[in-house]
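**Student:** Numbering (this note's numbering), first residue to last: 6 to 129.
1. Could you give the residue range of the alpha helix (DSSP H) that holds residue 49?
2. According to DSSP, residue 80 sits in a beta bridge with which residue or residues?
3. Where DSSP assigns a beta bridge to residue 103, which residues make up the other side?
4. What does the alpha-carbon distance come out to for the pair residue 99 and residue 53?
5. What first and last residue would you give for the beta strand (DSSP E) that runs through residue 66?
6. Which residues in the same chain have their Cβ closer than 6 angstroms to the Cβ of residue 48, if we skip the five residues on either side of it in sequence?
7. Taking all protein chains shown into account, decide if residue 62 is buried (16 or more other Cβ within 10 angstroms of its Cβ) or exposed.
8. DSSP three-state call for residue 96: helix, strand or coil?
9. Run the CB neighbour count on residue 26, radius 10 Å, all protein chains shown included, and call it buried at 16 or more, exposed below.
10. Can you find the residues in the same chain that come closer than 8 angstroms, C-beta to C-beta, to residue 81, ignoring five residues on each side of it along the sequence?
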């Protein structure tokens with residue numbers, strides 16, 4: 006009887022874990038990972054550069070417009086693009102794309118860059 010009751014709870018536990026894990030970092034179907042921070046763009050960009058250095062990733066030049074800045078990074082066979090969009094003066098959307106071999110995406114690396122950026126923002 007107890008076994009049957011526990012089996013009925015398994016789908017709920019899996020659903021709860023999935024919902025909880027998706028709250029901080031979002032993914033699109035194309036492998037792009039993004040997160041919005043309640044921090045100004047220069048602070049998020051600085052934290053992401055610290056994260057890249059901590060991870061041993063080489064960053065190179067990027068582009069800058071009025072509301073969007075982009076930096077590029079490299080990790081062995083991965084090309085990484087990080088885009089920062091200023092939504093408001095105190096809110097920034099960070100979008101990370103890590104391509105592996107051109108057509109393939111590496112969401113795990115993109116997610117780790119965002120998580121390390123978040124950690125760098127906290128230690129500040």
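Ideal Cβ positions, reconstructed from N, Cα and C, are used throughout, including at glycine.
**Tutor:** This is what the structure gives:
1. The sequence position of residue 49 within the chain shown is 44, counting from 1. Per DSSP, residue 49 belongs to the alpha helix (DSSP H) from 46–60.
2. One-based indexing of the chain shown puts residue 80 at position 75. Looking at the DSSP assignment, residue 80 forms a beta bridge with 83.
3. Within the chain shown, residue 103 is the residue found at index 98, counting from 1. DSSP, once it has assigned bridges, lists 85 as partnering residue 103.
4. Position 94 of the chain shown holds residue 99. Position 48 of the chain shown holds residue 53. Straight-line Cα distance between these residues: approximately 9 angstroms.
5. For the purposes of this step, residue 66 is identified with residue 61 of the chain shown, where counting begins at 1. Run containing residue 66: 63–69, per the beta strand (DSSP E) assignment.
6. Within the chain shown, the letter at position 43 stands for residue 48. Closer than 6 angstroms at Cβ, skipping near neighbours: no residue.
7. In the chain shown, counting from the first residue as 1, residue 62 sits at position 57. It is buried - the Cβ of residue 62 has at least 16 other Cβ atoms within 10 Å.
8. For this step, residue 96 is matched to residue 91 along the chain shown. In the structure shown, residue 96 sits in a strand (DSSP, three-state: E or B).
9. Walking along the chain shown from the start, residue 26 turns up at place 21. Unreliable positioning characterises residue 26 in this predicted model, as indicated by a pLDDT of 45, which lies under 50. The coordinate reading is nonetheless provided below. It counts as exposed.
10. In the chain shown, the residue the question calls residue 81 occupies position 76. Contacts found: none.
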